[in-house]
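Have a look at the structure below before the remarks.
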Amino acid sequence: MMERKERKPYWKHTKWQMLASVVPFLVLIIVLPLYAESLNGERFLGFPLGYFLSAHGIAVIAVFTVASFVNRQDAIDHWHGAHEDT
Amino acid sequence: MSVTSRTRFVNPRLGTYFGIFASSLAGLVMLLLIFEELGTSDAVLRWAMLLGPLAFYAAIGLAAPTREPIEFFAAGRRVPAGYTGLSMAVATMGATGIVATAGVFFLIGFDALCLMIGGLAGYVIMSVMLAPFFRKFGTFTVPSYLGRRFESKTVRLLAAAVMAVPALLMLAAELRMGAFAAGWLVGQAQGLMIVALVATFVVTSALGGMRSLTWSGSAESIGAVLALLVPVTIVAVMVTNFPLPQLTNGPLLRALMHNEAAQGLPIVDAPALGFALPGEEAAHIVKRFTAPFGAIGPSAFVVAMLTVMAGVAASPWLIPRVTMTPGVYETRKSLGWATVYFGLIMLTTAAVAVYMRDFLMDIVKGGAPESLPDWMHHLAGLGFAVIDEGAPLTYTSFAFPRDSLLLSLPVAAGLPAVFLYFAAAGVVAAALVGVGATASAVGNVIAEDVVNGLSWDPLPRTTRLNTARLAMAGTAVGGGLVAMLAPTDPLRLLLWSLALAGSAFFPVLVLSIWWKRMNDFGAIAGMASGFGVAVLTIFAGEANILGLDGALAGILGIPAGALGAVLASIATPQPSRSVLELVREIRIPGGEVIYDREMRLLRLKNRERS
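Residue numbers (the working numbering), protein chains in the order written: chain E, 2 to 87; chain D, 142 to 751.
What follows is the structure in structure tokens.
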């Protein structure tokens with residue numbers, strides 16, 4: 002069980018992790034489609050690059066964001082003793 | 142101590158059970174393929190494809206009865222992350238997400254990505270900002286959570302009233318889409334099929350509540366994903382020799398770009414807030430596939446994406462699903478799985494659109510009406526396409542109803558009819574997942590937060606479960622009546638539903654965790670202002686007053702909700718010490734589930750009394 006004095010550092014750490022996960026992701030999903038047209042001249046796996054990044058790219062980025070968040074947040078939970086009992 | 146291991150209660154045979162289900166479904170499809178070759182009547186094949194899987198789903202539901210509230214409302218909190226993620230991915234947009242999105246991709250290409258990106262972003266936000274904390278709290282419904290978090294029965298009742306509106310819209314959309322596919326499959330009226338879907342839901346959920354719905358929903362989700370993937374994968378092998386339709390249509394897409402340019406398909410620039418989403422009626426292709434912002438303007442694209450994101454992240458019929466996972470860590474993981482499955486589903490629908498556009502452009506290149514292939518006449522005969530045979534053929538010679546596109550692909554590729562019926566059965570399965578998610582969420586809210594809304598203690602066990610059973614059945618019947626009496630485009634209903642859910646709940650739910658200072662006045666003002674502004678924006682959009690489409694209501698609703706919540710909280714006294722302590726506890730994953738502890742203490746108190 003987590004010690005009381007660990008609560009504040011734990012929450013601070015969690016807040017930074019939240020921002021690190023959410024902000025770059027939101028910026029990417031807003032910006033990438035807006036530049037798709039100019040990227041469509043290039044190709045990747047046969048796809049026009051702008052379309053590929055906006056569809057497949059964002060799907061991969063979303064999975065990566067959640068996966069890295071799950072690992073990082075679990076490490077934070079263990080570091081501060083806030084994790085669930087196993 | 143009732144803190145449990147993450148994996149102790151997960152049934153180790155789940156993989157075997159669902160393996161048996163998937164094999165049985167594959168066996169049914171193969172058996173029907175053999176029967177088709179042997180000349181069995183078409184009607185028998187169609188009915189078998191509809192009723193066979195439905196019997197499976199109902200049997201799974203009936204095989205999971207329970208009399209325990211924790212089982213009935215949260216499936217015993219032992220649904221592994223993978224199954225939770227799969228069910229959530231299919232339930233998020235249900236059959237509408239699969240069928241309509243394929244059509245929208247076909248008709249407006251790139252611009253349909255706002256739905257996909259919005260959904261993916263919704264899971265990311267939910268996993269980081271909402272779901273783990275909701276899981277730690279452990280209540281079965283969103284209004285129960287909000288009521289307890291703010292120690293206010295008014296908040297609880299208001300949340301119950303507000304959540305019913307978007308959930309019923311989504312329920313009606315799913316029933317309509319499911320009835321469309323089932324009605325087409327067996328040639329019956331859609332009204333009758335709505336009744337059949339409601340009856341299937343009632344039978345599936347009656348004995349085991351969420352326990353039944355979770356396991357039958359997992360089977361339905363597997364069925365829906367297989368029915369989507371199998372025909373498209375076969376087409377991918379036929380066209381590209383590689384069974385990965387999501388990744389191998391690139392070269393086809395490049396050829397399509399050249400064909401579209403050669404045929405004079407226009408590059409259109411939509412106004413910044415233009416939102417010309419195709420409706421249900423037959424429509425021509427309006428723009429080149431990969432050219433962005435021809436039907437949906439760049440600002441509208443971003444707003445639609447963020448609205449869908451907020452709606453998915455805060456939807457009161459998805460969030461309670463996470464309380465069924467074995468722990469907070471599994472909850473986070475389940476959203477990762479949901480992202481994987483949802484991405485797979487959406488990329489597959491995009492591949493369907495690319496293949497169909499490619500087939501169509503090949504015909505247009507041919508030029509002469511007399512050279513039309515048989516499959517195009519077949520599609521027209523099925524009502525899946527409208528052909529204007531005035532020579533010479535151009536892309537405007539063909540119009541396609543948006544919702545028939547997914548079912549058109551097996552016909553265009555010349556696959557046996559059973560694959561077409563399988564695809565339709567998959568749509569019905571996806572609709573049942575959507576119906577299950579929304580009707581159970583509203584039913585649980587009625588039983589827990591409306592009938593028993595003035596008390597924090599639950600009703601006696603049997604009364605509690607029977608009330609929930611009645612409420613779920615009543616909600617499904619109500620949704621069926623809405624779908625029959627006020628038929629509206631399911632995609633519109635879905636987008637309105639997400640806009641309303643996002644506006645009313647997203648700011649309040651996020652702030653309830655991340656801002657300790659928020660109090661019950663803030664919650665009431667946030668929900669009321671977000672919901673009210675979103676409703677007004679939708680009405681104004683439908684009446685063409687604002688020049689803003691109703692689906693974009695989140696642009697005003699979400700800031701209004703956030704502003705209402707913040708201003709009302711600041712203007713009123715701080716929350717009590719007990720509320721602040723509760724928020725601090727929500728933020729820590731370890732320790733006992735808050736709701737389970739409350740129930741345990743209540744049981745102890747009752748035992749002492751007696």
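Glycine included, each C-beta is placed from N, C-alpha and C at the ideal position. Computed from a prediction, not measured in an experiment: that's the story for all the values here.
Contact between the region 304-311 of chain D and the region 448-459 of chain D (3+ Cβ pairs under 8 Å): Between the region 304-311 of chain D and the region 448-459 of chain D, the count of C-beta pairs closer than 8 Å reaches three or more; the two stretches touch.
Within 8 Å (strictly less), CB to CB, does residue 76 (chain E) reach chain D? Residue 76 (chain E) sits at position 75 when you count from the first residue of the first sequence. Residue contact with chain D for residue 76 (chain E): absent (no Cβ-Cβ distance below 8 Å to any residue of chain D).
Please list the terminal residues of the continuous beta strand (DSSP E) segment that includes residue 540 (chain D). Counted from its first residue, the second sequence places residue 540 (chain D) at position 399. According to the DSSP assignment, residue 540 (chain D) belongs to the beta strand (DSSP E) that extends over 539-542.
In chain order, each alpha helix (DSSP H) run of at least 4 residues that lies wholly inside the region 148-206 of chain D: Counting only runs that start and end inside the region 148-206 of chain D, the alpha helix (DSSP H) elements of at least 4 residues fall at 155-178, 183-203.
Quick one: is residue 270 (chain D) near chain E, going by C-beta distance under 8 Å? Position 129 of the second sequence, counted from the first residue, corresponds to residue 270 (chain D). The beta carbon of residue 270 (chain D) sits closer than 8 Å to some beta carbon of chain E.
Output needed for residue 696 (chain D): all residues of its chain with C-beta closer than 6 Å, excluding positions within five of it in sequence on either side, in chain order. In the second sequence, counting from the first residue as 1, residue 696 (chain D) sits at position 555. Around residue 696 (chain D): 444.
Quick one: what's got a C-beta closer than 7 Å to residue 196 (chain D)'s C-beta in the same chain, skipping five residues either side? Position 55 of the second sequence, counted from the start, is the residue given in the question as residue 196 (chain D). If we look at residue 196 (chain D) and ignore the five residues flanking it on each side, it has no Cβ neighbours.
Just to confirm the assignment, what range does the alpha helix (DSSP H) spanning residue 286 (chain D) have? Within the second sequence, the letter at position 145 stands for residue 286 (chain D). It spans 283-290 - the alpha helix (DSSP H) in which residue 286 (chain D) sits, taken as one unbroken run.
Within 10 angstroms of the Cβ of residue 64 (chain E), are there 16 or more other Cβ atoms? Answer buried if so, exposed if not. As a working mapping, residue 64 (chain E) is identified with position 63 in the first sequence. Classification for residue 64 (chain E): buried.
Give a yes or no on whether the minimum CB-CB distance between residue 476 (chain D) and chain E is below 8 Å. Taking the first residue of the second sequence as 1, we reach residue 476 (chain D) at position 335. Yes, its Cβ sits closer than 8 Å to a Cβ of chain E.
Once the 5 residues before and after residue 469 (chain D) are set aside, which same chain residues still bring their CB inside 7 Å of it? On the second sequence, position 328 is the one that residue 469 (chain D) refers to. Counting only Cβ-Cβ distances below 7 Å, and skipping sequence neighbours, we find 273, 276, 277, 730.
Anyone know if the C-beta pair for residue 292 (chain D) and residue 661 (chain D) falls short of 8 Å? Within the second sequence, residue 292 (chain D) is the residue found at index 151, counting from 1. Within the second sequence, residue 661 (chain D) is the residue found at index 520, counting from 1. Yes, the pair counts as a contact, with Cβ atoms nearer than the cut-off.
Once you ignore the five residues that flank residue 511 (chain D) on each side, which residues in its own chain have a CB closer than 8 Å to its CB? As a working note, residue 511 (chain D) is residue 370 in the second sequence. The beta carbon of residue 511 (chain D) lies closer than 8 Å to none in the same chain, with the five residues before and after it left out.
Could you list which residues in chain D have their beta carbon closer than 7 Å to that of residue 12 (chain E), in chain order? Here the question's residue 12 (chain E) lines up with position 11 in the first sequence. Contact of residue 12 (chain E) with chain D by beta-carbon distance below 7 Å involves 728.
Whether or not the region 306-321 of chain D and the region 567-580 of chain D are in contact is what I'm after, with contact meaning three or more pairs of Cβ atoms, one per stretch, closer than 8 Å; do they touch? Cβ pair count under 8 Å is three or more, so yes.
Name, please, each residue of chain D whose Cβ falls closer than 7 Å to the Cβ of residue 54 (chain E). Taking the first sequence and counting its residues from 1, one reaches residue 54 (chain E) at position 53. Near residue 54 (chain E) there are no residues of chain D at all, since even the closest Cβ is about 11 Å away, more than 7 Å.
Under 8 Å, Cβ to Cβ, is there at least one residue of chain D near residue 25 (chain E)? Along the first sequence, one-based indexing puts residue 25 (chain E) at 24. Contact of residue 25 (chain E) with chain D is not assigned, every C-beta pair being separated by 8 Å or more.
Can you give me the Cβ contacts of residue 687 (chain D) inside the same chain, cut-off strictly under 6 Å, excluding the 5 residues immediately before and after it? For the purposes of this step, residue 687 (chain D) is taken as the residue at position 546 of the second sequence. Excluding sequence positions up to five before and after residue 687 (chain D), its CB lies within less than 6 Å of the CB of 681, all in the same chain and listed in chain order.
Of all Cβ atoms in chain E, is any one closer than 8 Å to the Cβ of residue 433 (chain D)? Start at 1 with the first residue of the second sequence, and residue 433 (chain D) comes out as number 292. Yes - at least one Cβ of chain E is within 8 Å of the one on residue 433 (chain D).
Between the region 66-84 of chain E and the region 4-22 of chain E, are three or more C-beta pairs nearer than 8 Å? A contact exists between the region 66-84 of chain E and the region 4-22 of chain E.
When you measure from the CB of residue 414 (chain D) to every non-hydrogen atom of the ligand COA, does any distance come out below 7 Å? No copy of the ligand COA occurs in the structure displayed, which carries no ligand at all.
Going by CA-CA distance only, name the one from D:484, D:377, D:430, D:391 that's closest to residue 238 (chain D). Translated into the one-based positions of the second sequence, residue 238 (chain D) becomes position 97. Sorting D:484, D:377, D:430, D:391 by C-alpha distance to the C-alpha of residue 238 (chain D) places D:484 at the top.
Would you mind listing the alpha helix (DSSP H) stretches within the region 646-687 of chain D that are 4+ residues and don't spill past its ends, in chain order? Taken in chain order, the unbroken stretches of alpha helix (DSSP H) that lie wholly in the region 646-687 of chain D and span 4 residues or more are 661-683.
Please compile the residues from chain E whose C-beta is within a distance smaller than 9 Å of the C-beta of residue 497 (chain D). Here residue 497 (chain D) is taken as the residue at index 356 of the second sequence, counted from 1. Neighbours of residue 497 (chain D) in chain E, taken as residues whose beta carbon is under 9 Å from its own, are absent, since the nearest beta carbon is some 16 Å off.
Would residue 279 (chain D) count as contacting chain E if we go by Cβ distances under 8 Å? In the second sequence, residue 279 (chain D) corresponds to position 138, counting from 1. For residue 279 (chain D), the answer is no, since every Cβ of chain E falls outside 8 Å of its Cβ.
Quick check on the burial criterion: 16 or more other C-beta atoms within 10 angstroms. Buried or exposed for residue 241 (chain D)? Translated into positions along the second sequence, residue 241 (chain D) becomes position 100. Looking at its Cβ environment, which holds 16 or more other Cβ atoms inside 10 Å, residue 241 (chain D) is buried.
Do you know how far the Cα of residue 442 (chain D) is from the Cα of residue 54 (chain E)? Taking the first sequence and counting its residues from 1, the one referred to as residue 54 (chain E) is at position 53. Taking the second sequence and counting its residues from 1, the one referred to as residue 442 (chain D) is at position 301. Computed Cα separation, rounded: 16 Å.
contact_flag[the region 599-607 of chain D, the region 218-228 of chain D] where n(CB pairs < 8 Å) is 3 or more: The region 599-607 of chain D is not in contact with the region 218-228 of chain D.
Would you verify that the beta carbon of residue 28 (chain E) is, or is not, closer than 8 Å to some beta carbon of chain D? By one-based count along the first sequence, residue 28 (chain E) stands at place 27. Not closer than 8 Å to any Cβ of chain D, the Cβ of residue 28 (chain E) fails to qualify, so no.
Can you list, in chain order, the residues of its chain with a C-beta nearer than 8 Å to that of residue 142 (chain D)? Leave out the 5 residues immediately preceding and following it. Within the second sequence, the letter at position 1 stands for residue 142 (chain D). A caution first: residue 142 (chain D) carries a pLDDT of 39, below 50, which makes its placement in the model unreliable, though a value can still be read off. Only 733 meet the Cβ criterion.
CB-CB under 6 Å to residue 262 (chain D), same chain, minus the five flanking residues each way: which ones, in chain order? On the second sequence, position 121 is the one that residue 262 (chain D) refers to. Same-chain partners within the cutoff: 450.
Residue from D:632, D:567, D:509, D:579 whose Cα sits closest to the Cα of residue 167 (chain D): To locate residue 167 (chain D), count along the second sequence from 1; it is residue 26. Ranking D:632, D:567, D:509, D:579 by Cα distance to residue 167 (chain D) puts D:567 first.
Where do the N-terminal and C-terminal ends of the alpha helix (DSSP H) with residue 342 (chain D) fall, by residue? On the second sequence, residue 342 (chain D) is found 201 positions in, with the first residue counted as 1. Where residue 342 (chain D) is concerned, the enclosing alpha helix (DSSP H) stretches over 331-347.
Best match in D:740, D:161, D:739, D:218 for proximity to residue 463 (chain D) [C-alpha to C-alpha]: Your numbering for residue 463 (chain D) matches position 322 in the second sequence. Nearest option by C-alpha distance: D:218.
Reduced DSSP category for residue 48 (chain E) - H, G, I as helix; E, B as strand; rest coil: Taking the first residue of the first sequence as 1, we reach residue 48 (chain E) at position 47. Note: residue 48 (chain E) maps to strand in three-state DSSP.
For the region 196-207 of chain D against the region 344-360 of chain D, do three or more pairs of beta-carbon atoms, one drawn from each stretch, fall closer than 8 Å, so that the two count as touching? With a cut-off of 8 Å, the region 344-360 of chain D and the region 196-207 of chain D count as touching, because enough Cβ pairs lie within range.
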